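Since the structure comes first, as C-alpha cells, the remarks are kept for the end.
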Amino acid sequence: MKELVARGTCKSFGDLQVLDGVDLVVPAGSFTAILGASGSGKTTLLRLIAGFERLDRGSLLLGDQVVDDGHRVFVPSERRRIGYVPQEGALFPHLSVGRNVAFGLHRGPNRRARVMELLDMVGLSGLHRRYPHQLSGGQQQRVALARALATDPEIVLLDEPFSSLDASLRASVRNEVHDVLRQAGTTSVMVTHDQEEALSMADQVAVLRNGVVAQLGTPAGLYRHPRDLALARFLGEANVLDARVRVLGQGVVAETPLGALPVEGWPPSGALGCPDGRARVLVRPEQLVVGDASSSPVVARVESSEYYGHDTVVRVRPEGDRLPELVVRMTGGSPLEAGHRIGLAVRGPVVAWPVTDLE
Amino acid sequence: MTRGRGEEGGTTAVDPRLRRDRGGRRARPHSAQPELDRVRPGRRGHRRHPHGHRRRRHRAGPPLLVVVATLVALAVVTPLVFLVVEAFQTGWTTLHPLLFRSLTAQLLWNTVSLTVVVTALCAVLGTGLAWLVERTDLPGRHFWAVLVVIPLGIPDFVVSFGWRAVFPSIGGFWAAVLVMVLAVYPLVFLPVAASLRNADPAQEEVARSLGAGRLRTFWKVTVGQARLAILGGAVLVGLVCLAEFGAFEILGYRTLTTEAYTEFTVGFNTAAGCAFSLILVLLGALLLAGEGAARGKGRTARLGAGAARALRPRPLGRGAAPALMAVGAVVVLALGVPVGAIVYLILQGGTSTVPNASVWGATLTTFGYGAGAGIVATLGALPIALLSVRHPGRRVRVLERTSMLILAVPGIVVALSAAYVTNYFLDGRWYQTTPLLIVVYAIMFFPMAVVSVRAAVARAPIGLEEVGHSLGVRRSSVFWRVTLPLIAPGLAAAFCLVFLETATELTATLILIPTGQATLATGFWAQQSNLSYGAAAPYAGIMVLIAAVPSYVLGRWFDRLPSRSAAAGVPASAPVARAEVLAGATMVR
Numbered sequence: 001m002k003e004l005v006a007r008g009t010c011k012s013f014g015d016l017q018v019l020d021g022v023d024l025v026v027p028a029g030s031f032t033a034i035l036g037a038s039g040s041g042k043t044t045l046l047r048l049i050a051g052f053e054r055l056d057r058g059s060l061l062l063g064d065q066v067v068d069d070g071h072r073v074f075v076p077s078e079r080r081r082i083g084y085v086p087q088e089g090a091l092f093p094h095l096s097v098g099r100n101v102a103f104g105l106h107r108g109p110n111r112r113a114r115v116m117e118l119l120d121m122v123g124l125s126g127l128h129r130r131y132p133h134q135l136s137g138g139q140q141q142r143v144a145l146a147r148a149l150a151t152d153p154e155i156v157l158l159d160e161p162f163s164s165l166d167a168s169l170r171a172s173v174r175n176e177v178h179d180v181l182r183q184a185g186t187t188s189v190m191v192t193h194d195q196e197e198a199l200s201m202a203d204q205v206a207v208l209r210n211g212v213v214a215q216l217g218t219p220a221g222l223y224r225h226p227r228d229l230a231l232a233r234f235l236g237e238a239n240v241l242d243a244r245v246r247v248l249g250q251g252v253v254a255e256t257p258l259g260a261l262p263v264e265g266w267p268p269s270g271a272l273g274c275p276d277g278r279a280r281v282l283v284r285p286e287q288l289v290v291g292d293a294s295s296s297p298v299v300a301r302v303e304s305s306e307y308y309g310h311d312t313v314v315r316v317r318p319e320g321d322r323l324p325e326l327v328v329r330m331t332g333g334s335p336l337e338a339g340h341r342i343g344l345a346v347r348g349p350v351v352a353w354p355v356t357d358l359e
Numbered sequence: 360m361t362r363g364r365g366e367e368g369g370t371t372a373v374d375p376r377l378r379r380d381r382g383g384r385r386a387r388p389h390s391a392q393p394e395l396d397r398v399r400p401g402r403r404g405h406r407r408h409p410h411g412h413r414r415r416r417h418r419a420g421p422p423l424l425v426v427v428a429t430l431v432a433l434a435v436v437t438p439l440v441f442l443v444v445e446a447f448q449t450g451w452t453t454l455h456p457l458l459f460r461s462l463t464a465q466l467l468w469n470t471v472s473l474t475v476v477v478t479a480l481c482a483v484l485g486t487g488l489a490w491l492v493e494r495t496d497l498p499g500r501h502f503w504a505v506l507v508v509i510p511l512g513i514p515d516f517v518v519s520f521g522w523r524a525v526f527p528s529i530g531g532f533w534a535a536v537l538v539m540v541l542a543v544y545p546l547v548f549l550p551v552a553a554s555l556r557n558a559d560p561a562q563e564e565v566a567r568s569l570g571a572g573r574l575r576t577f578w579k580v581t582v583g584q585a586r587l588a589i590l591g592g593a594v595l596v597g598l599v600c601l602a603e604f605g606a607f608e609i610l611g612y613r614t615l616t617t618e619a620y621t622e623f624t625v626g627f628n629t630a631a632g633c634a635f636s637l638i639l640v641l642l643g644a645l646l647l648a649g650e651g652a653a654r655g656k657g658r659t660a661r662l663g664a665g666a667a668r669a670l671r672p673r674p675l676g677r678g679a680a681p682a683l684m685a686v687g688a689v690v691v692l693a694l695g696v697p698v699g700a701i702v703y704l705i706l707q708g709g710t711s712t713v714p715n716a717s718v719w720g721a722t723l724t725t726f727g728y729g730a731g732a733g734i735v736a737t738l739g740a741l742p743i744a745l746l747s748v749r750h751p752g753r754r755v756r757v758l759e760r761t762s763m764l765i766l767a768v769p770g771i772v773v774a775l776s777a778a779y780v781t782n783y784f785l786d787g788r789w790y791q792t793t794p795l796l797i798v799v800y801a802i803m804f805f806p807m808a809v810v811s812v813r814a815a816v817a818r819a820p821i822g823l824e825e826v827g828h829s830l831g832v833r834r835s836s837v838f839w840r841v842t843l844p845l846i847a848p849g850l851a852a853a854f855c856l857v858f859l860e861t862a863t864e865l866t867a868t869l870i871l872i873p874t875g876q877a878t879l880a881t882g883f884w885a886q887q888s889n890l891s892y893g894a895a896a897p898y899a900g901i902m903v904l905i906a907a908v909p910s911y912v913l914g915r916w917f918d919r920l921p922s923r924s925a926a927a928g929v930p931a932s933a934p935v936a937r938a939e940v941l942a943g944a945t946m947v948r
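Chains A and B, in that order, give the protein sequences. Position one of the first sequence corresponds to residue 1 (this note's numbering), numbered consecutively onward. Position one of the second sequence corresponds to residue 360 (this note's numbering), numbered consecutively onward.
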C-alpha cells in the first residue's frame, strides 16, 4: 500500500481543458472517493493515475516514485502495480472466471490456490469455471475486483464500479466491495457521480468541479461544511434561508425566519468579510424538526409528503410570505396529509455564507 | 394479450417507487447537478464507451495506420477510377453512338424492367415468408425458417441451370424473373425476419387498443417496423440483378451485363464494354442513392428500456393449410428443383459423370483462389476496421464509405476495368494471372470483409487491453491473450465469407482466369455451354456443397464458442452472414 500524490495535474483533449491543476493526496491505506458531475474530469483523473493517459503538466507520485511528470518520466500502466476495476467490470469475455482472476498472476504452483483464495474473499468460491456472461452484474463486478487484487496492487482504482448495477443490487455489492478492500488494506481511489456512494464508502472525498478539486475532506466535514452553496446542493438536499449574522459573545448567531440559529465555522474560509452581516444559511432537511403547531413559533402548512417507510420527505410552506418552500425529512412516523398544519424547529448548528460571496 | 399488458403496466408503475424506496436517503443526487455541471462549451455528457473507457480524443489515429488504410481504400476504388480514365481515353465521340443506340435502349429496358419486377416480387415474397415464420403459428416454422434461407447459398446460375435442365424450353423475361426471385428472395427474408423478431410486439397491441383494425395494424405497424429491412433487402436484390450474368446467359435473356461480357470476349470491343459499364455503375449508384433518400429519419427500434416480451404468434386457423402449401411450394421451387436436377443428372450419368480428375483439379484451384482472396481481403480490411472502431471520425468514415462503393459495382465492371489496366498500362503483363485474379476477388468482396472485421474489432474494446496492462502484463502478451482471441472468430468469419463468395464467382473469373486453369464455376460453365449437362452437374453439386454445408457447420461452431456473448454478432451461417453483411454494408454509408 502506498500514498498517492497528484500535484497540479493538467490534461486537455484537443482544445478541451479537462483537468486544470488538480492537487490531491490520498493517504496510504485510505479509501478516497472522487466525486463529480459528468464532464467534471473525474474519469480522466483516474485514467491518468492508471497510466492509460499521459499528463500535460504537473506530476503524479505513487509512494516516493514519480510515475508521470508531464514530459520525461512516464511509467506505463503495466509497471505501476495498480489494480483497476472499470465500469461494468470489463471481464475478458473469452476467459473463465478463474482465468480472468489469474490473468495477472505468474505461472506457478501457488497460482491456483491464490485464485481460489481471492474468489473466496469476494464470496464467489466454486464459480471459477463459469464464463462472464453466465454471471449476474454484481458477480461480474466482484470478479473484476478479485482480478484487480490478485497481483497485490499498491493502489486499487475503481471507475464508477456500481453505476451499471440495479439500485436493489447496488447497496449490497457496495458493502461487499468495501469490506473486501478494507480486508485487503490497499489504498483505494473510487470515481463516482453518486454523492450517497461517496459519503457512505469513503474516508476522504474530493469533489471535482471544472477540472479542479473544489473541496477535499471527510464525508461528514464535507456534508456539514461545504465550501459554497453549489457544493452544499451537490452533496445533498438543501434548504437555503436569507439571514443576518451577528456575533454574540463567544458565538455567532444567524437571525433567520426560523429564529436565531447558532452558526458553525464563521466566517467561512475564503470569505472576503461580511460588512452588513447579510448571509445565506444552509439547513439540511433532517435538521428541521416537526412539532405541534400550537406550541411552535414557526407554523407551516404541508404541501406534499413522500412516504418511504423508514423516513418521510415532507414539503412544507411556512405561513407568512417571507419564506420559500422547505423540505423536511422525518424519520419513521406516518405520512402527513397535505394541508396539515405543523410547527417547525431547527436542530443543531447551521452553516452560513456572506451574501457577497455567492454566485 | 390483456394479461401481458397488465403485467407490463404493473411493473413500470411500481418500479420507480421501489427504487426511490431503496435509495430513500439519497436525497435525489441529481437534483443539484446543474449547479456543478457548469460545463464549458463543447462538453458532452455521453462520452462513455460500453466498456467504460472514454472514447479517445486523438481522432486521427496512428499515422502509419491512416496511410495504409488510405492506400487500401484507394486500391479498392481503382476499378471505378480506371473506368473513368478509360471513358476519357475512349473519348465522347466513340462513346456517344455506343450509348445512344437502339441496342443500348433495348438492353437498358431489359435490365431495368427485370430489376424492378424481381425486386418487387422479392420484397413481397420475402416479407410474406418472414411474417409467416416469425409472427404466426405456422406448423414447423423453425424448420421452415432454416429451409427458406438455403437457396441463398446456391449460386444463381446453378438455380438457372437446374430449371433449364428440368424444363429445356424455358427462357425469356418471365423465366429470368422466376429464377432470380427464387435465387435471391432470402436477401429480403433475412433482414425482415430479424427486424420482426426484434420489433416490440407491444406496438401492435397499442395500435389495436387505439382502434386500428387487423389489416390497418398489419400495414401501419408490422410492415412499418420492417420498412427499413425491406428497403435494405430490396436494394441488395436490385444490385444482384444488375450484376447477374450466368443465370441470364443460360436462359438467353440479354441484359447490360451479359452484353458487356459478350462485347468484350467475342467482339474484343473494349469501348462498348466501357459504355455498358458506365450505365451499370450509374444504375447501381441510383439504387443506393434512392435507398438513402427513402430511408428517411424515422427510427424503427424500440424506444425506452426494458426487455421486449415475445409476441404470442398469431393463430392461422383455417389459413394454416394454404400457408403451409405456399411455403412448401417456395422451398420446392427454389431448393427442390435445382438440387433435384443436379442429383438426377449425376445419378443418371452413372460412372461417366462420377467426378473425374478435372473436377477435383477445379475444386483444388477454387480452394486456392478462395483462400488467397479471403486472406488478402481480411488483411486489407483490418486497417480500415481498426480506424473505424478505435479512432472514429469524419475522415475515417469517408475512407470506409469509399471502400463500400464497390458494392454497387457489378463484377463484370471490375473485371473489365482490371483487363483494361493490364492491357493498356502494363502491356498485358499480369493479365490473366493468379495474383491479379485474387486481387480482383478481394476488391469485389471487400465490403463483406470490412463489415465482419469491424464487428470483430469492436468485440475487443480497448478497455479490455487497458485492464490487461493494469494487471502488469506486457503489451505483446496482452495482444496474444486478449485481443487476438477476441477478434479471431470475426476474422475467420470475414475470411469464410470472402472464400465462399469467391468459390461461386463466375463472371470476373471467366474473364481473368489464367489460361489452362479452371475453377468449379468456369468448369461448370464450359460444360453447360456445350450443353453437356451431365458433365456440368458434378461441378454444380460441389459448389452447392461448398456453399451450403461448411457454412452450416461454421455457424454451429461459432455458436458453440465459450465466449458466446463476445462472439455475438458472428452470423449463424454463411448464407445468413452474406445477407447480414451486405445489409450492414449498405447501412454504413
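Yeah, the Cβ is synthetic: ideal placement off N, Cα and C, and Gly gets one too. Since the model is a prediction, treat every value here as computed from it, not as a measurement.
Any beta-carbon of chain A closer than 8 angstroms to the one on residue i?
i, result
"R500 (chain B)", "no"
"G831 (chain B)", "yes"
Among the options, which one has its Cα closest to the Cα of residue i?
i, options, result
"G597 (chain B)", "B:P769, B:A504 and B:V718", "B:P769"
"A593 (chain B)", "B:V702, B:S636, B:E650 and B:T581", "B:E650"
"A238 (chain A)", "A:L95, A:A230 and A:S30", "A:A230"
"A50 (chain A)", "B:E864, B:L843 and B:G827", "B:G827"
"Y84 (chain A)", "A:V316, A:E325 and A:F52", "A:F52"
"V507 (chain B)", "B:V525, B:V690 and B:I797", "B:V690"
"E196 (chain A)", "A:L208, A:A171 and A:L181", "A:A171"
"L601 (chain B)", "B:R586, B:V543, B:V580 and B:R556", "B:V543"
Say the cut is 7 angstroms; is the CB of residue i nearer than that to a heavy atom of the ligand MN?
i, result
"I638 (chain B)", "As for the ligand MN, it is missing from this structure, which has no ligand bound."
By a C-beta neighbour count over all protein chains shown, 10 Å radius and 16 as the cutoff for buried, is residue i buried or exposed?
i, result
"V186 (chain A)", "One detail in the question is off: residue 186 (chain A) reads as Thr in this sequence, not Val. When all chains shown are included, T186 (chain A) counts as buried."
"G591 (chain B)", "buried"
"T725 (chain B)", "buried"
"G369 (chain B)", "Since pLDDT at G369 (chain B) reaches only 35, below the 50 mark, its modelled position is unreliable, and the value read off the structure follows with that caveat. Exposed, since its Cβ has fewer than 16 Cβ neighbours within 10 Å."
"L439 (chain B)", "buried"
Contact criterion: CB-CB distance below 8 angstroms. Does residue i meet it with respect to chain B?
i, result
"E117 (chain A)", "no"
"S77 (chain A)", "yes"
"P219 (chain A)", "no"
"Y84 (chain A)", "yes"
"S112 (chain A)", "As written in the sequence, residue 112 (chain A) is Arg, which differs from the Ser given in the question. False, the Cβ-Cβ gap to chain B never drops below 8 angstroms."
"G104 (chain A)", "yes"
"T151 (chain A)", "yes"
Rounded to a whole number of angstroms, what is the C-alpha to C-alpha distance between residue i and residue j?
i, j, result
"V66 (chain A)", "V73 (chain A)", "7 angstroms"
"Q183 (chain A)", "V177 (chain A)", "10 angstroms"
"T874 (chain B)", "S811 (chain B)", "33 angstroms"
"M1 (chain A)", "W266 (chain A)", "38 angstroms"
"G249 (chain A)", "P262 (chain A)", "12 angstroms"
"D179 (chain A)", "V173 (chain A)", "10 angstroms"
"P335 (chain A)", "R317 (chain A)", "16 angstroms"
"A652 (chain B)", "T463 (chain B)", "28 angstroms"
"S304 (chain A)", "V328 (chain A)", "11 angstroms"
"L442 (chain B)", "P456 (chain B)", "18 angstroms"
"I701 (chain B)", "F805 (chain B)", "31 angstroms"
Strictly under 8 angstroms for the Cβ-Cβ distance: is residue i near chain C by that measure?
i, result
"V841 (chain B)", "Of the protein chains in this structure, namely A and B, none is chain C."
So, do the segment 743-763 of chain B and the segment 424-439 of chain B have three or more beta carbon pairs nearer to each other than 8 angstroms?
yes
Three or more C-beta pairs below 8 angstroms linking the segment 524-539 of chain B and the segment 565-581 of chain B:
Contact between the segment 524-539 of chain B and the segment 565-581 of chain B is absent, because fewer than three Cβ pairs lie under 8 angstroms.
With three or more beta-carbon pairs closer than 8 angstroms as the criterion, would you say the segment 789-796 of chain B touches the segment 12-23 of chain A?
No, the segment 789-796 of chain B is not in contact with the segment 12-23 of chain A.
May I ask you to verify whether the segment 607-619 of chain B touches the segment 460-478 of chain B, counting CB pairs closer than 8 angstroms and requiring at least 3?
By the Cβ rule, the segment 607-619 of chain B counts as touching the segment 460-478 of chain B, because three or more pairs are nearer than 8 angstroms.
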